[in-house]
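See below for the structure under consideration.
In the numbering used here, the protein residues as written are 15 to 538.
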């Protein structure tokens, strides 16, 4: 009986296909269909079936897609609704915008499936990425050992020189400095004098000059970087790491209080655009495109000032009243550009091998590069690339009258994808504006006085849930007080009550959870 059983197992093993990375899987002999939910920027195309990158993907795979697409500012709500409908869930969610808590919650509910075996069996492109850069496998692996999503990875430099090391930068109008005979400011006192000169001399004309503008709590357009003149500075999640490996909440430091009071003094002098507390990116960019800003905060010097972009250069990290000078880094930037939950496969998918192999095409280096920035050969479009005779994607100059972002968002699809540093010079050139921005980041490296940033870590579901609960309250309160104090003053009088309120909202527990995961990260 045992011999018969062994013989039967041997026969079955011979009959079953071996697990291997098939090179001839695509294109399929017969068309198959996947249902896919995704998002798109409001400035980009909404009909994904007609987007050139996806048309080429269909041609190479023979996989048709039943697309459902929502504008990105509506997407999360629509995504959650779609994933609550068991009988009509999509097979795949692209641009899923899922954080750790989303992934763990949906995994526990059985809405999305673990994909680590699919990666190992059916996804040679993603497997090659994880082999070349193995740290990313740990970043996408949950504490239970499963992988529930496919990431977005963009490498452009490393560590302190990575393009993402600094988020929003201050840019100053060098043309105005030269016209007024002013030197580049290097201290907070010199900076105030320059803003006052901008206001008094009105270089924009007709009283249109706005000495400084930002979007309060607005990501890259926020002014947290300039608070580095008073200590740790500030970044969007207010989380930093001391050189002793201690988690710091920036918005409770004495230097933060001093910096906020200083900013209020600029507000009282009329040196800040009064709409900095209410306007959005589009309205800020409109003022920048009219040549009104002396200083603004943003990712680069292209989008906000538009045709005036060549007049702006990065403002150096300023030395504050005590001589502190700190170029403020963003959390999670040590790994370059990274998001854990860019795509998922749902439990509704009947052909998970097909879904995995189709998603894996997006990790082909040539596809990833185009998905991240844009494509080539599209008629009537401001193409991002041309394909040279060697088969390499070469960046093209963006025509005048359109920003880099507007050109890219018209063609890019956002992921999942991976662009590694090793791809440049092999599959594509490096984006010229990225090289320029990396030069800006490098100019700040000497002033990055803190060696670490808070890393990308994968929390347990309980800890992720608790962090989210606390963060929702403390972020809202911190951001509200930040805007109120800069606009109206009162930080000194209200500081003790503010600290008490944050403690009641759970700040100490929040820091303790963060510290636990930082300690584990450092121990590795």
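Think of the CB as a built atom: it goes at the ideal place given N, C-alpha and C, for glycine as much as any other residue.
Bear in mind the structure is a predicted one, so any value in this text is a computation, not a measurement.
Q: Taking all protein chains shown into account, decide if residue 532 is buried (16 or more other Cβ within 10 angstroms of its Cβ) or exposed.
A: One-based indexing of the chain shown puts residue 532 at position 518. By the 16-neighbour rule on beta-carbons within 10 angstroms, residue 532 is buried.
| What is the residue span of the beta strand (DSSP E) that residue 309 lies within? | For this step, residue 309 is matched to residue 295 along the chain shown. Here the beta strand (DSSP E) through residue 309 covers 307-312.
**Item:** Start-to-end residues for the beta strand (DSSP E) that takes in residue 185
**Value:** Taking the chain shown and counting its residues from 1, one reaches residue 185 at position 171. Unbroken beta strand (DSSP E) run through residue 185: 183-187.
- Message: Please state the DSSP three-state secondary structure of residue 528.
- Response: By one-based count along the chain shown, residue 528 stands at place 514. Three-state result, residue 528: helix.
query: So, is residue 57 buried or exposed, given that buried needs 16 or more other C-beta atoms within 10 angstroms?
result: Within the chain shown, numbered from 1, the residue matching residue 57 stands at position 43. Exposed, since its Cβ has fewer than 16 Cβ neighbours within 10 Å.
Which term fits residue 384, buried or exposed, when burial requires 16 or more other beta carbons within 10 angstroms of its beta carbon? Reading the chain shown from its first residue, position 370 is the one you call residue 384. By the 10 Å Cβ count, residue 384 comes out buried.
Taking just the CA atoms, how far does residue 132 sit from residue 364?
Here residue 364 refers to the residue found at position 350 of the chain shown. Here residue 132 refers to the residue found at position 118 of the chain shown. The straight-line gap from Cα to Cα measures roughly 14 Å.
Return yes when the Cβ of residue 356 is within less than 8 Å of the Cβ of residue 163, no when it is not.
-> Position 149 of the chain shown, counting from 1, holds the residue named residue 163. Position 342 of the chain shown, counting from 1, holds the residue named residue 356. Yes.
Residue 434 versus residue 452 - alpha carbon distance
As a first step, residue 434 must be located in the chain shown, where it is residue number 420. As a first step, residue 452 must be located in the chain shown, where it is residue number 438. One C-alpha to the other measures close to 15 Å.
Checklist entry - Quick one: any contact between the region 306-317 and the region 211-224, if contact means 3 or more CB pairs under 8 Å? => result yes
Return yes when at least one heavy atom of the ligand ADP lies under 7 Å from the C-beta of residue 488, else no. This structure lacks the ligand ADP, and indeed carries no ligand of any kind.
When burial is assigned at 16 or more other CB atoms within 10 Å of the CB, is residue 20 buried or exposed?
-> Mapped onto the chain shown, residue 20 falls at position 6. Note that residue 20 scores 37 on pLDDT, short of 50, meaning its location in the model is unreliable; the coordinates nonetheless yield the value given after this. Burial call: exposed.
If we ignore side chains and look at the alpha-carbon of each, how far apart do residue 527 and residue 288 end up? Walking along the chain shown from the start, residue 527 turns up at place 513. Walking along the chain shown from the start, residue 288 turns up at place 274. If I take the Cα positions, the gap works out to 38 Å.
#### Entry: Which of helix, strand or coil DSSP assigns to residue 125
Here residue 125 corresponds to residue number 111 of the chain shown, with the count starting at 1. Note: residue 125 maps to coil in three-state DSSP.
Residue 247 vs residue 259 beta-carbon contact at 8 Å:
Within the chain shown, residue 247 is the residue found at index 233, counting from 1. Within the chain shown, residue 259 is the residue found at index 245, counting from 1. Against a cut-off of 8 Å, the Cβ pair of residue 259 and residue 247 comes out as no contact.
DSSP state of residue 4 mapped onto helix, strand, coil
Shown here, the chain extends from 15 to 538; a query on residue 4 therefore has no answer.
Distance check for residue 179 and residue 391, CA to CA, integer angstroms please. By 1-based counting over the chain shown, the position of residue 391 is 377. By 1-based counting over the chain shown, the position of residue 179 is 165. If I take the Cα positions, the gap works out to 33 Å.
Identify every residue that forms a DSSP beta bridge with residue 359. Your numbering for residue 359 matches position 345 in the chain shown. DSSP lists 106 as partners of residue 359.
Taking the straight line between their C-alpha atoms, what separation do you get for residue 156 and residue 404?
Working through the chain shown from its first residue, we reach residue 156 at position 142. Working through the chain shown from its first residue, we reach residue 404 at position 390. The alpha-carbon atoms of residue 156 and residue 404 are separated by roughly 41 Å.
Does residue 497 come out as helix, strand or coil in the three-state DSSP assignment?
Here residue 497 refers to the residue found at position 483 when the chain shown is read from its first residue. Residue state, collapsed to three classes: helix.
Exercise. State the Cα-Cα distance for the pair residue 116 and residue 81, rounded to the nearest angstrom.
Key: Numbered from its first residue, the chain shown carries residue 116 at position 102. Numbered from its first residue, the chain shown carries residue 81 at position 67. Distance between the alpha carbons of residue 116 and residue 81: 22 Å.
State the beta-bridge partners of residue 328 as determined by DSSP.
For this step, residue 328 is matched to residue 314 along the chain shown. The partner list for residue 328 (beta bridge, DSSP) reads 185.
* What is the DSSP secondary structure of residue 453, reduced to helix, strand or coil? -> On the chain shown, position 439 is the one that residue 453 refers to. Correct three-state label for residue 453: helix.
- residue 518, DSSP secondary structure in three states: What you label residue 518 is simply residue 504 of the chain shown in a count that begins at 1. In the structure shown, residue 518 sits in a helix (DSSP, three-state: H, G or I).
query = Run through DSSP, which three-state label would residue 322 get?
reply = Within the chain shown, the letter at position 308 stands for residue 322. Under the three-state reduction of DSSP, residue 322 is assigned to helix.
Handout entry: Contacts around residue 387, its chain only, beta-carbon distance under 7 Å, and the 5 residues preceding and following it disregarded
Key = Counting from one through the chain shown, the residue named residue 387 turns up at place 373. Its chain contains 398, 422, 426, 445 as the residues whose beta carbon lies nearer than 7 Å to that of residue 387, once the 5 sequence neighbours on both sides are disregarded; these appear in chain order.
task: Classify residue 191 as helix, strand or coil using the three-state DSSP reduction.
output: Here residue 191 refers to the residue found at position 177 of the chain shown. If DSSP states are grouped into helix, strand and coil, residue 191 belongs with the helices.
- Which of helix, strand or coil does DSSP assign to residue 261? Here residue 261 corresponds to residue number 247 of the chain shown, with the count starting at 1. It is a strand residue.
Checklist line | Which listed residue (251, 328, 257, 494) has its alpha carbon closest to that of residue 458 | finding: In the chain shown, the residue the question calls residue 458 occupies position 444. Selected option, being the one with the closest Cα: 328.
Practice task
Along the beta strand (DSSP E) that carries residue 152, what are the first and last residues, could you check?
Solution key: Reading the chain shown from its first residue, position 138 is the one you call residue 152. Per DSSP, residue 152 belongs to no beta strand (DSSP E); it is in the alpha helix (DSSP H), 149-154.
message: Taking 8 Å as the limit between beta carbons, can you name the residues of its chain near residue 417, skipping five residues before and five after?
response: As a position in the chain shown, residue 417 is number 403, starting the count at 1. Hits under 8 Å: 316, 317, 320.
**Q.** Cα-Cα separation between residue 67 and residue 244, rounded to whole angstroms
**A.** As a first step, residue 67 must be located in the chain shown, where it is residue number 53. As a first step, residue 244 must be located in the chain shown, where it is residue number 230. Roughly 47 Å between the two C-alpha positions.
For residue 5, collect the residues of the same chain with a Cβ closer than 7 Å to its Cβ; drop the 5 residues on either side in sequence, then sort them by chain order.
-> Here the chain has residues from 15 to 538 only, and residue 5 is not among them.
- How is residue 510 classed by DSSP in three states: helix, strand or coil? Position 496 of the chain shown, counted from the start, is the residue given in the question as residue 510. Residue 510 falls in the helix class under three-state DSSP.
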